[in-house]
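A.B. asks: Dropping the structure in here first, questions after.
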Amino acid sequence: MPAPTAGRSPLLGYAALFAVVAALPFLGAYPIFVMKVMCYALFACAFNLLIGFTGLLSFGHAAFLGAAAYAAGHALKVWGLPMPLGVLFGVLMAALAGAAFGWLAIRRSGIYFSMITLALAQMLFFFFLQAPFTGGEDGLQSVPRGTLLGLDLSSDLTLYYVVLGIFALGFWLIYRTVHSPFGQVLTSIRENEARAISLGYDVDRFKLVAFVLSAGLAGLAGATKTLVLGFATLTDAVWTTSGAVILMTLVGGMGTMLGPIVGALIIIALENKIGDFGKALADLTGVAWFNGLGESVSLVTGLIFIVCVLAFRRGVVGEILHRWPGRR
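Residue 3 in our numbering sits at position 3 of the sequence shown, with consecutive numbering throughout.
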């Protein structure tokens with residue numbers, strides 16, 4: 001009996017977390033902000049599936065976020081597809097891009113793998129910059145939200161629970177993948193690739209499937225983000241977004257289920273609330289320099305990254321799990 005209870009406890013904890021998130025609009029939280037956090041949290045969870053559980057560091061994951069954002073936006077705005085089909089089309093395009101990227105990148109390992117993903121992502125970025133359907137530097141604007149099962153998604157509160165459902169579905173898929181025999185093979189590849197090969201596993205095939213799955217989930221995050229914000233821009237596909245998702249994963253805790261969610265919350269909150277925090281500090285201390293803190297987001301996130309590397313190498317959630325006696 002103790003074993004099943006231990007197995008259920010993480011799921012009960014995740015269910016409690018989603019219940020709290022569902023109640024946030026009634027506690028005064030701004031729905032658009034929380035939906036943006038959920039989109040980037042799903043993006044970070046998808047990236048964590050690749051680096052945290054497979055050991056593959058991609059420097060070009062923003063390409064899949066951007067590909068799905070543009071594809072879903074174009075399908076919804078220009079083709080007039082229903083919302084579910086538009087989002088699925090974005091996920092499909094991201095997965096196809098992931099299959100192409102992965103097929104080329106897994107031929108190398110280590111830093112060479114990472115640099116190949118970065119180079120391919122930059123190629124896709126310049127394609128988005130020049131392609132007529134993306135709107136260039138102006139981006140793809142005024143993407144309609146549409147309806148879902150008769151529900152009008154123009155209401156922020158209605159869309160909030162749709163996005164929460166999408167995020168829960170993506171998180172559940174990652175959880176099931178990690179705790180499946182396939183996920184155990186991915187972990188063995190991360191820990192000792194040579195031994196996995198000696199046991200007869202087709203390591204390259206497992207890496208490719210993991211890469212495509214991660215790209216598809218990142219695409220789900222990108223398509224949902226376009227639905228929430230109503231636009232897709234080059235920022236979705238630029239290399240700095242790949243750096244941001246790496247930062248989210250490392251700050252929250254690489255190789256943990258909740259780490260990327262916490263990291264996304266920290267980074268997105270900093271980007272959106274650092275100006276208010278700086279103003280409060282200026283009023284409290286009388287130091288006028290804090291008023292310009294909102295323009296120094298990169299400086300603050302860089303300092304946070306340095307602190308995490310020096311003091312919290314496992315990330316926020318990783319350190320908590322490590323120091324929690326029951327989980328050691």
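Even for Gly, the Cβ is constructed at its ideal location relative to N, Cα and C. Since we're looking at a predicted model, the values are computed, not measured.
#1: Give me whichever residues DSSP pairs with residue 140 in a beta bridge.
#2: Counting only runs that start and end within the stretch 122-205, where is the alpha helix (DSSP H) found for 4 or more residues in a row?
#3: If you check the beta carbons only, do residue 160 and residue 31 fall under 7 Å apart?
#4: Between residue 73 and residue 232, which are expected to be in contact by the criterion C-beta below 8 Å, what is the C-beta distance as a whole number of angstroms?
#5: Three or more C-beta pairs closer than 8 Å, one from the stretch 298-316 and one from the stretch 245-258: is that the case here?
#6: Between 148, 50, 93 and 169, which lies nearest to residue 65 when the distance is taken from Cα to Cα?
#7: Give me the Cβ distance between residue 68 and residue 90, rounded to the nearest whole Å; I'm assuming they're in contact under 8 Å.
#8: Pair every Cβ in the stretch 179-198 with every Cβ in the stretch 238-249, then say whether three or more of these pairs are closer than 8 Å.
#9: Which same chain residues end up closer than 7 Å to residue 268 when comparing Cβ atoms and leaving out the 5 residues on each side of it in sequence?
#10: Among the candidates 249, 134, 168 and 206, whose CA atom is the shortest distance from the CA of residue 16?
#11: CB-CB under 6 Å to residue 49, same chain, minus the five flanking residues each way: which ones, in chain order?
#12: In angstroms with no decimal places, state the Cα-to-Cα distance between residue 284 and residue 271.
#13: Have a look at residue 178 and residue 279 and give me their C-alpha separation to the nearest angstrom.
#14: Are residue 102 and residue 212 close, meaning C-beta to C-beta below 7 Å?
#15: Please return the same chain residues whose Cβ sits closer than 7 Å to the Cβ of residue 61, not counting the five positions on each side in sequence.
#16: Around the C-beta of residue 20, are 16 or more other C-beta atoms found within 10 angstroms, so that it is buried, or is it exposed?
#17: Please state whether DSSP places residue 32 in a helix, a strand or coil.
#18: Thinking C-beta only, is residue 134 closer than 7 Å to residue 128?
C.D. replies: With the structure as the only source:
#1: Residue 140 is bridged to 232.
#2: Fully contained in the stretch 122-205 are the following alpha helix (DSSP H) runs of length 4 or more, in chain order: 156-178, 181-191 and 193-198.
#3: Yes, the pair counts as a contact, with Cβ atoms nearer than the cut-off.
#4: Correct: roughly 4 Å between the Cβ atoms.
#5: Yes, the stretch 298-316 touches the stretch 245-258.
#6: Checking every option, the nearest Cα to that of residue 65 belongs to 93.
#7: At roughly 4 Å, the Cβ-Cβ gap stays under 8 Å, so residue 68 and residue 90 are in contact.
#8: Fewer than three pairs of CB atoms, one per stretch, sit closer than 8 Å, so the stretch 179-198 makes no contact with the stretch 238-249.
#9: These residues qualify, in order along the chain: 36, 37 and 40.
#10: Of the residues 249, 134, 168 and 206, the one whose Cα lies closest to the Cα of residue 16 is 168.
#11: Contacts found: 174 and 214.
#12: Distance between the alpha carbons of residue 284 and residue 271: 21 Å.
#13: Going from the Cα of residue 178 to the Cα of residue 279 covers about 43 Å.
#14: Yes, Cβ-Cβ distance for residue 102 and residue 212 is below 7 Å.
#15: Residues 47, 218, 242 and 245 of the same chain have their beta carbon placed closer than 7 Å to that of residue 61, with the five preceding and five following residues left out of the count.
#16: Answer is exposed; the Cβ neighbour count stays below 16.
#17: Looking at residue 32 - three-state DSSP - the assignment turns out to be helix.
#18: Yes. Within cutoff.
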